[in-house]
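Numbering (my numbering), first residue to last: 492 to 687. We put the CB at the ideal spot given by N, CA and C, even for glycine. Here's the structure we're looking at; comments come further down.
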């Protein structure tokens, strides 16, 4: 059975449209029976920003090649997953700061990426990364959409070949009913789930 890591950064929890869309997709994934699912709720984790002593400790541990130190547990968990799902709302044209802090904690040389003769290469085991998000207005194919674009770039950085973004957008624009827009997101989730 494959290991699936679900990283939940739906800040508003059960009030979040992103969480509703992620729950829909994850229910389909669970019912497939193909995965051992581990959920990491970032709102419940003691994540630290890389500043001052915390950053120095990281550098010292990496210099000493102490990659088994407990502070690298998130990086190991991420690197060892067979498939990854990340859910986070579209905030300020990108992602919530909490998700960025998590990403800074998992980007560890020797665990999630490395360097070789050809330059940097990803070390993550996962074959697929799915990013689930919702947006207040319409940003698909816009250069201002830097949330999915950033996660897709990081996916490549980690060596994960297959990337999909499941999204519902325009939820605050009031041009269509929210339920209609969420249904579009669920249909996209159905397509991704079929090939996942």
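Residue i - containing beta strand (DSSP E), residue span
i: residue 499; result: 493-499
i: residue 529; result: 526-532
i: residue 576; result: 574-578
i: residue 687; result: It is not in any beta strand (DSSP E) - residue 687 carries neither H nor E in the DSSP assignment.
C-beta atoms of residue i and residue j nearer than 7 Å
i: residue 497; j: residue 680; result: no
i: residue 570; j: residue 528; result: no
i: residue 635; j: residue 584; result: yes
i: residue 620; j: residue 500; result: no
i: residue 643; j: residue 630; result: no
For residue i, the three-state DSSP class (helix, strand or coil)
i: residue 585; result: strand
i: residue 611; result: strand
i: residue 594; result: helix
i: residue 510; result: helix
i: residue 600; result: strand
i: residue 627; result: coil
i: residue 663; result: coil
Cβ distance (whole Å) where residue i is taken to contact residue j below 8 Å
i: residue 592; j: residue 623; result: Not really, about 19 Å apart at Cβ, beyond 8 Å.
i: residue 625; j: residue 664; result: Contact doesn't hold; Cβ gap of about 12 Å is too wide.
Spatial neighbours of residue i in its chain, beta-carbon cut-off 7 Å, leaving aside the 5 residues before and after
i: residue 605; result: 612 and 614
i: residue 563; result: 599 and 602
Alpha helix (DSSP H) segment containing residue i, residue limits
i: residue 641; result: 638-648
i: residue 535; result: Counting along the chain, residue 535 falls outside any alpha helix (DSSP H), and DSSP gives it neither H nor E.
i: residue 564; result: 564-571
i: residue 552; result: 543-554
Beta-carbon proximity list for residue i, same chain, < 8 Å, skipping 5 on both sides
i: residue 525; result: 492 and 493
6 Å CB neighbourhood of residue i in its chain, flanking five on each side removed
i: residue 689; result: Beyond the ends of the chain as shown, which are 492 and 687, falls residue 689; an answer cannot be given.
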